[in-house]
Every structure is written in C-alpha cells, then in structure tokens.
Amino acid sequence: MKEINKKITNCKKCPRLVNFREKVALEKRKQYQNEVYWGKPVPGFGDENAEILILGLAPAAHGGNRTGRLFTGDKSAEFLFKCLFKSNLANQPSSVYIGDGLKLKNIYITAALKCVPPFDKPNSNELESCFNFLKKELDSLQNIKTILTLGKIAFDACLKFFQIKKSKAKFIHGKEYMTESNKKIVACYHPSPRNVNTKRINERGMVDLLTKIYDLHR
C-alpha cells in the first residue's frame, strides 16, 4: 500500500485537477493563511488489515487538500468522526491534522477521486483515471468485508469495481447489496454540510448505521 500511496501522491494525470488543487493551496482560505497546504492528491489511510472500508468522494478543498489526510480539518470530518467515535470505530471524536493522535478501529478510509475537483464535481475522465488507483487499493485491502460508500459517486465507483450493473443496484441511503465475492456494499449519504444542514442525514441515524457495521465485525 505504501507504494500505491506514493504513486497517488505523485500523480499529475488530470490538468484541471492539478490546476485547481494548486490554486486552492496557493490562495488559501483566510483562516489558514499561515498554514502550508498539502495541495497534492490525497491517499487513503487507516488499518490496512481492516474489514471495513469507508469510501468517500474526494478531498475537501480546505480539508484534505490542506491537511494531506482525507476527512481531516473540515465540516464533513467533524460530523463523520463524531459519529465514528460514538460507534467505537475511532479513538477520538475529531480529525484535525496529521499527527493529532487519531486511530481508526478496523477501518480504512479512501476516496473515489484523489484530488479536490472544482465545485465538488469531477468529470468522467477524471474518475476513470482515478479508478485505476482505487482498483489497486481494493485489490491490496485483502480483508475488507463491508464497504460504506459516502455518496453516489463513491457508490458507483464501488459497483464498477465489483462489475455490478447500475440497474441491479440503486443508490438508496441505508440500502445494502452483496457482491458475488460476498462483500457487503452499504449506500450512505455523504456527510457534507449541505446534507447535514438540510437534515438529509443526521447524527443519530449515522451512528445507528455505523454501530450496525461495527457490530458485524467485532
């Protein structure tokens, strides 16, 4: 996995994404003006022997693209890790920066897209390029039994890996699908500020879903 992550970090395949991630890192958000942004593709992290995979969309502009770790230092991270902690899947309720003491329990986290896309909307060519990395990650994570997909793009990437037709598996929050290789795919709304603020997803529901997954693998 170390070699895969090195290749991810060095990738410059998609000009639009390279330009955007570096632009964000250069201009910065006002509150982070004194920080050095990561500004590169963001690899996955966690337990490489994990049975649970959390698959997100992409690094956040001022989260992963700033800190160098997915779901770290942004609003989505605040919500997700509060829920992971309450579900006994993380050792602390926050993910703020690399080296903050965070430890995942039986979980590996990665994203369908390794670079932050403009307006959080990758194009098909960018997703295709990144799928090669996702495939290598999934091939390397030998013990994964349950994949929690955060959002439809992550869900679709998972279907593609397992060669499941979209007509056979629709993205419905909380819905579970079994693959031919006996892996469970769980569809879940992304914990974005928009979804949280509009009550599409809430803390109690997310904790219930994560606790159910935790109970399957303890």
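Heads up: the sequence shown runs through residues 2 to 219, numbered per the working numbering. Backbone N, C-alpha and C define an ideal beta-carbon position, used for all residues, glycine too. As the structure is a prediction and not an experimental result, all values here were calculated from the model.
Assuming residue i and residue j make a contact with CB atoms under 8 Å, what is their CB distance in whole Å?
i    : j    : result
Y90  : S96  : Looking at the sequence provided, one finds Leu at residue 90 rather than Tyr. Not really, about 12 Å apart at Cβ, beyond 8 Å.
A59  : L142 : With a Cβ gap of about 19 Å, A59 and L142 do not count as contacting.
A113 : L149 : 13 Å between Cβ atoms; not a contact.
F172 : K153 : 5 Å
L151 : H191 : 4 Å
T180 : F163 : 4 Å
Y215 : S77  : About 20 Å; that fails the 8 Å criterion.
H63  : Y33  : 6 Å
L211 : L54  : The Cβ separation is near 13 Å, so there is no contact.
E79  : T111 : About 20 Å separates the two Cβ atoms, so there is no contact after all.
A26  : G40  : 3 Å
R67  : E36  : 7 Å
K184 : K146 : 6 Å
I46  : L71  : Checking the displayed sequence, the identity of residue 46 turns out to be Phe instead of Ile. Between L71 and F46 the Cβ distance is about 7 Å, and since that is below 8 Å, they are a contact.
For residue i, is the classification buried or exposed, using 16 other Cβ atoms within 10 angstroms of its Cβ as the cut-off for buried?
i    : result
E204 : exposed
Y109 : buried
V43  : buried
L105 : buried
D75  : buried
K169 : exposed
R30  : exposed
N198 : exposed
Have a look at the DSSP bridge pairing and note the partners of residue i.
i    : result
I1   : Residue coverage of the chain in this structure runs from 2 to 219, which leaves residue 1 outside it and unanswerable.
E177 : V187
L135 : Note: L135 sits in no beta bridge, so no partner.
I108 : I53
So, with DSSP's three-state summary, where would you put residue i?
i    : result
Y215 : helix
Y33  : helix
L231 : As shown, the chain starts at 2 and ends at 219. That puts residue 231 outside it, with no answer to give.
A158 : helix
G206 : helix
F46  : strand
A91  : strand
S96  : coil
S77  : helix
F82  : helix
L128 : helix
K166 : coil
D101 : coil
K27  : Checking the sequence shown, residue 27 turns out to be Leu, not Lys. Helix.
S193 : coil
R22  : helix
G65  : helix
T10  : helix
F120 : helix
R70  : coil
Can you tell me whether residue i sits near the ligand GTP, meaning its C-beta is under 7 Å from at least one heavy atom of the ligand?
i    : result
C159 : Looking at this structure, you won't find the ligand GTP or any other ligand, since it has none at all.
Taking one C-beta from the stretch 106-124 and one from the stretch 19-34 each time, how about it: are there three or more such pairs within less than 8 Å? yes
For the stretch 172-188 and the stretch 120-134, state whether three or more C-beta atom pairs, one from each stretch, are separated by less than 8 Å. no
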